[in-house]
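Residue numbers (the numbering used here): 1067 to 1367. I have placed the structure first, in the form of structure tokens, so that the comments after it can refer back to it.
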């Protein structure tokens, strides 16, 4: 049997046992797909990240992410956790501790630009994401409400229900109390996802726990093996764009928004989203966060 170093990292937080935990294997070369899926099942976290040396001469490295049941093409907290682990290990030139480093990462979803910034004395990890595209959710509203375990009156009529090209549906709630008390039926959500193009459900409100936050969110993806995710970068980035497009965030140039998630799971975390806006058009989106390691060990394969 071979030994592989493994870390458990809490992402989108700087406090242990909060934020979103991910397992990271910083030296994953030699693992097969079946072995990676087995490790992800064993770790039983929303995602496990695997880091490989790039073989194409174009990228600095390759990262793959697996839930306990399936491989995914993008993972926000898994990216933050992976680079936090690489920084601790001093891999891919990170032993030099330069104030700012940029990387091109090969992923199933394409090339992912990542930045590590230490200029403030704290290590902030950022990654770019494509400009999200939305359309109105045309599915039966009562089915969605039933699966979420809510009445239609709890949906904020001021804002639309949209679905992104990733299959994330964004559902605005009237207040945080309604969001907090929601008890989804995960089996119903799973069945709804199988019958539609919905991959994940991002329920949110603009009433927040922290005055500096633009939104408070919860995220569910039962068909991916994730009933509820503590802090979801790939949902909160598009959510910030949704808020801008619906005039809940305003301005030109660089607009920075903080979004919160995970409080209902006692794993509160925060995501910073920076949007470059010109002529009322989104031109660039960047997601940032902190991380902290809570466990280091070896796994035998």
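Each residue gets a CB set at the ideal place from its N, CA and C atoms; glycine is no exception.
Can you tell me the Cβ-Cβ gap for residue i and residue j, rounded? I've got them flagged as a contact below 8 angstroms.
i, j, result
"residue 1359", "residue 1075", "5 angstroms"
"residue 1226", "residue 1202", "6 angstroms"
"residue 1077", "residue 1266", "Residue 1077 to residue 1266, Cβ: 17 angstroms. No contact."
"residue 1238", "residue 1285", "Actually they do not touch by this definition, with Cβ atoms about 14 angstroms apart."
"residue 1155", "residue 1092", "5 angstroms"
"residue 1292", "residue 1105", "In fact, because the Cβ distance is near 17 angstroms, the residues do not count as touching under 8 angstroms."
"residue 1276", "residue 1326", "6 angstroms"
"residue 1299", "residue 1142", "2 angstroms"
"residue 1167", "residue 1182", "5 angstroms"
"residue 1126", "residue 1170", "5 angstroms"
"residue 1283", "residue 1305", "6 angstroms"
"residue 1367", "residue 1067", "6 angstroms"
"residue 1361", "residue 1073", "7 angstroms"
Since residue i is in the alpha helix (DSSP H), which residue starts that stretch and which ends it?
i, result
"residue 1142", "1142-1155"
Quick check on this structure: which residue in the options has the alpha carbon closest to the alpha carbon of residue i?
i, options, result
"residue 1339", "1069, 1309 and 1136", "1309"
"residue 1236", "1278, 1287 and 1193", "1287"
"residue 1157", "1124, 1178 and 1118", "1118"
"residue 1332", "1070, 1071, 1067 and 1079", "1079"
"residue 1089", "1098, 1131, 1231 and 1124", "1131"
"residue 1318", "1324, 1343 and 1148", "1343"
"residue 1328", "1084, 1205, 1223 and 1320", "1084"
"residue 1352", "1192, 1170 and 1171", "1192"
"residue 1150", "1188, 1175, 1278 and 1233", "1188"
"residue 1180", "1218, 1098, 1283 and 1140", "1140"
"residue 1205", "1229, 1224 and 1109", "1229"
"residue 1349", "1295, 1298 and 1196", "1196"
"residue 1241", "1209, 1281, 1251 and 1249", "1281"
"residue 1294", "1214, 1099 and 1224", "1214"
"residue 1208", "1221, 1198, 1087 and 1200", "1221"
"residue 1345", "1335, 1320 and 1170", "1320"
"residue 1253", "1289, 1162, 1231 and 1247", "1289"
"residue 1224", "1248, 1272, 1234 and 1251", "1272"
"residue 1098", "1116, 1110 and 1086", "1116"
"residue 1148", "1212, 1071 and 1219", "1071"
"residue 1274", "1246, 1190 and 1250", "1246"
"residue 1302", "1314, 1250 and 1324", "1324"
"residue 1095", "1109, 1256 and 1069", "1069"
"residue 1184", "1176, 1200, 1162 and 1232", "1162"
"residue 1260", "1073, 1233 and 1123", "1233"
"residue 1012", "1178, 1107, 1164 and 1165", "Look at the range of the chain in this structure, 1067 to 1367, and you will see that residue 1012 is not part of it."
"residue 1200", "1194, 1250 and 1311", "1311"
"residue 1190", "1249, 1107, 1165 and 1313", "1165"
"residue 1194", "1176, 1250, 1251 and 1210", "1176"
"residue 1268", "1313, 1316, 1210 and 1315", "1210"
Going by other Cβ atoms of all chains shown within 10 Å of its Cβ, with 16 needed for buried, is residue i buried or exposed?
i, result
"residue 1082", "exposed"
"residue 1216", "buried"
"residue 1153", "buried"
"residue 1112", "buried"
"residue 1121", "exposed"
"residue 1337", "buried"
"residue 1134", "buried"
"residue 1159", "exposed"
"residue 1198", "buried"
"residue 1172", "buried"
"residue 1086", "buried"
"residue 1296", "buried"
"residue 1334", "buried"
"residue 1278", "exposed"
"residue 1218", "exposed"
"residue 1341", "buried"
"residue 1144", "buried"
"residue 1102", "buried"
"residue 1263", "exposed"
"residue 1186", "exposed"
Could you spell out where the beta strand (DSSP E) holding residue i opens and where it closes?
i, result
"residue 1088", "1086-1091"
"residue 1349", "1347-1355"
"residue 1078", "Looking at the DSSP string, residue 1078 is not in any beta strand (DSSP E), and its letter there is neither H nor E."
"residue 1335", "1335-1344"
Considering only residues of the stretch 1158-1190, which uninterrupted beta strand (DSSP E) runs meet the minimum length of 3 residues and lie entirely inside it, listed in chain order?
1166-1173 and 1176-1183
Along the chain, which unbroken stretches of the alpha helix (DSSP H) at least 4 residues long are found entirely within the stretch 1272-1330?
1299-1311
Just list the alpha helix (DSSP H) runs in the stretch 1098-1127, keeping only unbroken ones of 4 residues or longer that don't cross its boundaries, in chain order.
1099-1109
Pick out the complete beta strand (DSSP E) segments inside the stretch 1187-1264, 3 residues or longer, and give them in chain order.
Within the stretch 1187-1264, the complete beta strand (DSSP E) runs of at least 3 residues are 1190-1195, 1200-1202, 1228-1230 and 1234-1238.
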